[in-house]
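Data first, discussion second: the structure below is written as structure tokens.
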């Protein structure tokens, strides 16, 4: 499976200028090729092939006076920018045809140097890992990297990214084998919420850290400062960077917390069942800020790929399943309840339920039913995985095949009612 490993990079002044030049050249190639295809479509002409665009907008453009500076960066960066455009068009066409799962994808858009994120992508022919812990990038130099952990294998591609607050990151895509954990007897259903971030079927409650709410006071103050600055001034640019840095700090804390919580859940349970929430719909309600602050989608995505990596079973229970309406003791459906009702008594058996704990138990029972029906990946009697889904690289990047480059790995740098296991 393909996994992504991110590391912070610290380029010097000349390397930052070279990276800015590379970001700009990749952006120009993207925009030129996108413009050609849009103009051809508007004129009723056939779809322009990538080979023709590569010849016109990269090879021949370097020989012209107005695009001669494209030769100052590695040709790999320009070719990968065109490949990324092809990938964006393929996702758009697949979305139109209905062959792509998930939300609808729109057509590619033009890029701007004012975008909050700038990036370039390289194959193994344009970068290599050095023995001294630096990473060589073609026509940029040896970048200093803060290695937080070792790479498990030789990387197949590299993405260099600059975020809105001026930080640089190196993102490696690595082909690695699953690291299967020892089998356990425990299984867990998870009910996600706002008052408590997650409630497990064994009664464990994970409190919501609310990183955005805790940083709101400082963000408001910085926002007032930004609104007083003159547009286009250097002071406004400095304040904008302060605001971006504060938002990045909130996002980093949330991501780190999600990783720790999801890793602990996967290690403690053989199977994890979670409700498939309509997050995009909830983000259009008055709870939008709290829903964004919780980050449910990112958390569920981490659970999914870590379950596949560690040999665990992961199942999403359909969002139409009435987990909050059904009694987990007798199966009686007691009807919908407003959000302020946190406890209720079953009209069938009289059991007093905590709303979230009852929902987590119901998610556990429904997840087990889905697995028993054979509609989810699980272990068969021989201990082999049945119908395991392929796990894509994180954030959707595909790798490139290695062709013998001297890149080295490891450079440091319901509803059948079942007994709910109450063990932690």
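Numbering (the working numbering), first residue to last: 40 to 463.
For glycine and all other residues, C-beta sits at the position ideal for the given N, C-alpha and C.
Can you tell me which of the options puts its alpha carbon nearest to the alpha carbon of residue i?
i           : options               : result
residue 113 : 341, 179 and 171      : 179
residue 282 : 261, 294, 271 and 358 : 261
residue 359 : 353, 398, 328 and 388 : 398
residue 378 : 395, 82, 100 and 384  : 395
residue 232 : 381, 387, 406 and 344 : 381
residue 71  : 83, 117, 85 and 55    : 117
residue 234 : 226, 222 and 249      : 249
residue 129 : 105, 155, 115 and 86  : 86
residue 410 : 188, 228, 144 and 192 : 228
residue 56  : 81, 111, 218 and 148  : 111
residue 365 : 344, 84, 384 and 131  : 384
residue 367 : 174, 386 and 334      : 386
residue 405 : 349, 81, 88 and 361   : 361
residue 202 : 60, 135, 131 and 156  : 156
residue 238 : 275, 173 and 403      : 403
residue 177 : 166, 60, 412 and 348  : 166
residue 236 : 98, 258, 336 and 61   : 336
residue 60  : 82, 109, 316 and 317  : 109
residue 295 : 318, 334 and 284      : 334
residue 247 : 82, 338 and 175       : 338
residue 206 : 172, 284, 319 and 230 : 284
Tell me residue i's beta-bridge partners as DSSP assigns them.
i           : result
residue 46  : 209
residue 355 : 313
residue 219 : The partner list for residue 219 (beta bridge, DSSP) is empty, contrary to what the question assumes.
residue 198 : 160 and 210
residue 67  : Note: residue 67 sits in no beta bridge, so no partner.
residue 182 : 174
residue 239 : 229
residue 168 : 174
residue 41  : 214
residue 270 : Paired residues: none, contrary to the question.
residue 245 : 237
Taking the C-alpha atoms as reference points, what is the distance between residue i and residue j?
i           : j           : result
residue 256 : residue 279 : 16 Å
residue 290 : residue 392 : 35 Å
residue 224 : residue 306 : 12 Å
residue 186 : residue 138 : 39 Å
residue 52  : residue 58  : 10 Å
residue 401 : residue 300 : 22 Å
residue 286 : residue 103 : 42 Å
residue 424 : residue 41  : For residue 424, the predicted structure reports a pLDDT of 43, less than 50, and the residue's modelled location is therefore unreliable. A value from the coordinates is still provided. Taking the straight line from one Cα to the other gives about 18 Å.
residue 375 : residue 253 : 32 Å
residue 194 : residue 408 : 40 Å
residue 50  : residue 153 : 20 Å
residue 297 : residue 340 : 10 Å
residue 204 : residue 302 : 29 Å
residue 346 : residue 54  : 39 Å
residue 220 : residue 147 : 41 Å
residue 263 : residue 142 : 36 Å
residue 370 : residue 217 : 38 Å
residue 84  : residue 101 : 26 Å
residue 133 : residue 266 : 42 Å
residue 119 : residue 150 : 15 Å
residue 131 : residue 144 : 5 Å
residue 127 : residue 342 : 26 Å
residue 190 : residue 183 : 16 Å
residue 214 : residue 107 : 37 Å
residue 259 : residue 277 : 16 Å
residue 316 : residue 140 : 16 Å
residue 80  : residue 88  : 12 Å
residue 373 : residue 390 : 12 Å
What ranges does the beta strand (DSSP E) occupy inside the region 86-165, keeping only unbroken runs of at least 3 residues that lie completely in it?
Fully enclosed beta strand (DSSP E) runs of no fewer than 3 residues occupy 157-162 of the region 86-165, in order along the chain.
Per the contact definition of three or more C-beta pairs closer than 8 Å, is the region 149-166 in contact with the region 192-205?
The region 192-205 vs the region 149-166: in contact.
Any chance you could list the beta strand (DSSP E) runs of at least 3 consecutive residues sitting entirely within the region 281-330, in chain order?
Unbroken beta strand (DSSP E) stretches of 3 residues or longer found wholly inside the region 281-330: 310-314, given in chain order.
Assess contact between the region 63-83 and the region 92-108, defined as three or more Cβ pairs (one per stretch) separated by less than 8 Å. Is contact present?
Flag = yes, the region 63-83 and the region 92-108 touch.
Which ranges does the beta strand (DSSP E) cover as unbroken runs of at least 3 residues, wholly within the region 358-398, from first to last along the chain?
Annotation: the region 358-398 contains the following complete segments of the beta strand (DSSP E) (minimum length 3 residues), in chain order: 382-384 and 391-393.
Any 3 or more C-beta pairs closer than 8 Å across the region 45-53 and the region 206-216:
Counting Cβ pairs under 8 Å, three or more are found: they touch.
At a cut of 8 Å, does the region 241-250 reach the region 312-328 through at least three beta carbon pairs?
Cβ pair count under 8 Å is below three, so no.
Any contact of the region 310-319 with the region 268-277, i.e. 3+ C-beta pairs under 8 Å?
Counting C-beta pairs closer than 8 Å gives fewer than three between the region 310-319 and the region 268-277, which falls short of the contact rule.
Pair every Cβ in the region 59-69 with every Cβ in the region 118-129, then say whether three or more of these pairs are closer than 8 Å.
In this structure the region 59-69 touches the region 118-129; the number of beta carbon pairs closer than 8 Å is three or more.
With a cut-off of 8 Å, do at least 3 Cβ pairs link the region 326-336 to the region 352-369?
The region 352-369 and the region 326-336 do not touch, with fewer than three beta-carbon pairs separated by less than 8 Å.
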